[in-house]
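Just so you know, we're using the numbering used here here: the sequence shown kicks off at 208 and counts up by one.
Idealized CB from N, CA, C, for every residue including glycine.
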Amino acid sequence: MPELYAGADFTPSNDWLMGAGVHLISLKPCTTSVVDGKEFKVNERMTTYSYEAHLKYTGRNYTFAAKSLMASCLDQTALIGGYGISSVDPRTGEQEYTPFRHSTTWANFNYGTKWKSGLFLGYTKNLGTDDELVSKEVYGMGLNIDQLFTVNVNLSYNLPHWQIELEYSPATAWYGTIDQKNGKVGDTHTVTNHRVLGLVMYYF
Numbered sequence: 208m209p210e211l212y213a214g215a216d217f218t219p220s221n222d223w224l225m226g227a228g229v230h231l232i233s234l235k236p237c238t239t240s241v242v243d244g245k246e247f248k249v250n251e252r253m254t255t256y257s258y259e260a261h262l263k264y265t266g267r268n269y270t271f272a273a274k275s276l277m278a279s280c281l282d283q284t285a286l287i288g289g290y291g292i293s294s295v296d297p298r299t300g301e302q303e304y305t306p307f308r309h310s311t312t313w314a315n316f317n318y319g320t321k322w323k324s325g326l327f328l329g330y331t332k333n334l335g336t337d338d339e340l341v342s343k344e345v346y347g348m349g350l351n352i353d354q355l356f357t358v359n360v361n362l363s364y365n366l367p368h369w370q371i372e373l374e375y376s377p378a379t380a381w382y383g384t385i386d387q388k389n390g391k392v393g394d395t396h397t398v399t400n401h402r403v404l405g406l407v408m409y410y411f
């Protein structure tokens, strides 16, 4: 702590919405360390910033929305991300940390009212760390993924109180080995997941 977000939206017309924001998170991973059986009090802290921009256009019977995010250690929001160790004090065991940075962009298009179709595209890329990693031990989610691409295609039938929907979503991830010099992922191989979802919902 603290974790803060500040953003602003601009609406030049009833059809358009544009905005941007900045996110800050400050982590204190450890308060004590043990070296040669001795316990030391340490003062560790890592503060990182993330940046995002978004837009949305609403037409007569369609909408388009997109967002681009430069994320730094945002795994607590269920995004790929985290941090690693950049230095260790051999006397006290106090560590310094470096965040993994990821670029994430998505776009979503929906068309129709009663019959509604949608297409979602998303892409995430591991941009590595600011500093060299001194340990293979890393903390976060999906840090051995170089890039991730996902598509979602859906079709729904909508009535005043009913919604019936079917969607298909394939996702491909490039898994590999983390390079300790820059935090990037190499020697990759792909894994693809396929998800099919059916939905029937009644609104009171």
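Residue i in three-state terms, based on DSSP
| i | result |
| --- | --- |
| residue 218 | coil |
| residue 320 | coil |
| residue 282 | helix |
| residue 329 | strand |
| residue 232 | strand |
| residue 298 | coil |
| residue 395 | strand |
| residue 390 | coil |
| residue 339 | coil |
| residue 367 | coil |
| residue 361 | strand |
| residue 268 | coil |
Boundaries (first-last residue) of the beta strand (DSSP E) holding residue i
| i | result |
| --- | --- |
| residue 410 | No beta strand (DSSP E) contains residue 410, which DSSP labels as neither H nor E. |
| residue 343 | It is not in any beta strand (DSSP E) - residue 343 carries neither H nor E in the DSSP assignment. |
| residue 208 | Premise fails: residue 208 is in no beta strand (DSSP E) and is neither H nor E. |
| residue 245 | 245-248 |
| residue 287 | From DSSP, residue 287 is part of no beta strand (DSSP E); its letter is neither H nor E. |
| residue 261 | 253-265 |
| residue 349 | First-last for residue 349: undefined, no H or E at that position. |
| residue 238 | Segment: none, residue 238 is in no beta strand (DSSP E) and carries neither H nor E. |
Between the CA atoms of residue j and residue i - distance to the nearest angstrom
| i | j | result |
| --- | --- | --- |
| residue 256 | residue 321 | 42 Å |
| residue 372 | residue 242 | 58 Å |
| residue 409 | residue 401 | 27 Å |
| residue 296 | residue 302 | 6 Å |
| residue 219 | residue 330 | 28 Å |
| residue 391 | residue 258 | 20 Å |
| residue 246 | residue 236 | 16 Å |
| residue 239 | residue 339 | 23 Å |
| residue 387 | residue 362 | 44 Å |
Member of the options whose CA lies at the smallest distance from the CA of residue i
| i | options | result |
| --- | --- | --- |
| residue 288 | 300, 247, 326, 351 | 351 |
| residue 394 | 364, 258, 323, 354 | 354 |
| residue 230 | 224, 221, 212, 363 | 212 |
| residue 293 | 337, 238, 363 | 337 |
| residue 283 | 347, 263, 300 | 347 |
| residue 304 | 239, 254, 366, 265 | 254 |
| residue 248 | 209, 268, 224, 299 | 299 |
| residue 261 | 209, 223, 405, 386 | 223 |
| residue 379 | 365, 349, 370, 368 | 349 |
| residue 290 | 314, 368, 389 | 389 |
| residue 406 | 221, 210, 387, 364 | 364 |
| residue 208 | 221, 217, 233 | 233 |
| residue 272 | 315, 306, 411 | 315 |
| residue 263 | 368, 307, 216, 280 | 216 |
| residue 312 | 323, 306, 328, 319 | 328 |
Cβ-Cβ separation, residue j to residue i (assumed contact under 8 Å), whole Å
| i | j | result |
| --- | --- | --- |
| residue 214 | residue 227 | 7 Å |
| residue 381 | residue 397 | 6 Å |
| residue 325 | residue 333 | Residue 325 to residue 333, Cβ: 28 Å. No contact. |
| residue 309 | residue 278 | 5 Å |
| residue 342 | residue 359 | Rounded, the Cβ-Cβ distance is 37 Å, inconsistent with contact. |
Heavy atom of the ligand MG within 7 Å of residue i beta-carbon
| i | result |
| --- | --- |
| residue 383 | Among the components modelled here there is no ligand, and therefore nothing to report on the ligand MG. |
Neighbour flag for residue i against chain C, beta carbons, 8 Å
| i | result |
| --- | --- |
| residue 357 | Any reference to chain C falls outside this structure, which holds one protein chain only. |
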